[in-house]
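Here's the structure we're looking at; comments come further down.
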Amino acid sequence: MQFSDIVKKRYATKKFDGRIVPERTVHEILECVRYAPSAINLQPWKIKVVTDREVKAQLKPAAFDQEQITTCSHLLVFCADPDYDSLIRRLDVLLSENHVPDEKRTMIVNMAT
Numbered sequence: 076m077q078f079s080d081i082v083k084k085r086y087a088t089k090k091f092d093g094r095i096v097p098e099r100t101v102h103e104i105l106e107c108v109r110y111a112p113s114a115i116n117l118q119p120w121k122i123k124v125v126t127d128r129e130v131k132a133q134l135k136p137a138a139f140d141q142e143q144i145t146t147c148s149h150l151l152v153f154c155a156d157p158d159y160d161s162l163i164r165r166l167d168v169l170l171s172e173n174h175v176p177d178e179k180r181t182m183i184v185n186m187a188t
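To convert a position in the sequence shown, counted from 1, into the numbering used here, add 75.
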């Protein structure tokens with residue numbers, strides 16, 4: 076079965092059975108997430124992988140006490156950066172450091188705002 080077939084037939088898991096997802100599989104998933112599109116390719120997020128049972132238990136209330144938070148082997152926590160203006164400024168600096176011409180840099184930064 077292809078990965079795309081699996082994604083299209085997804086369902087919400089309510090509880091996990093305690094099996095540990097191999098680290099290699101977790102790494103492959105994170106590699107796929109790295110390619111997720113975002114505006115102007117900013118990827119304004121960080122992903123934290125939580126395996127510690129106590130930390131997962133502390134996070135459970137923030138996820139409406141869903142059982143799968145504590146029964147999963149690896150919890151992926153997506154942390155968004157709400158400071159979009161700072162991201163745009165960093166983008167502008169990166170473009171400048173990489174010698175992108177001013178008019179092109181200005182166009183890209185204006186598209187992002």
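By construction, the Cβ of each residue, glycine as well, lies at the ideal position given by its N, Cα and C atoms.
If you drop the 5 nearest sequence neighbours on each side, which residues of the same chain put their C-beta closer than 7 Å to that of residue i?
| i | result |
| --- | --- |
| LEU151 | ILE122 and VAL124 |
Using the DSSP secondary-structure output, state which residues sit across from residue i in a beta bridge.
| i | result |
| --- | --- |
| PHE153 | ILE122 |
Do you know whose CA, among the options, lies nearest residue i's CA?
| i | options | result |
| --- | --- | --- |
| ALA155 | VAL184, GLU106, ASP167 and LEU117 | LEU117 |
| THR188 | TYR159, ASP127 and VAL168 | TYR159 |
| VAL101 | ILE81, ASP167 and SER148 | SER148 |
| PHE153 | GLN77, ASP80, LEU105 and VAL184 | LEU105 |
| CYS107 | ARG180, GLU178, PHE78 and GLN133 | PHE78 |
| TRP120 | TYR110, THR126 and GLU129 | TYR110 |
| VAL184 | GLN133, MET76, ASN173 and ASP167 | ASP167 |
For residue i, which residues from the same chain have a beta carbon less than 8 Å from its beta carbon, with the 5 sequence-adjacent residues on both sides left out?
| i | result |
| --- | --- |
| LYS90 | GLU142, GLN143 and THR146 |
| ARG164 | none |
| ARG99 | none |
Apart from the five residues just before and just after residue i, which ones in its own chain have a Cβ nearer than 6 Å to its Cβ?
| i | result |
| --- | --- |
| VAL96 | SER148 and HIS149 |
| ILE115 | ALA187 |
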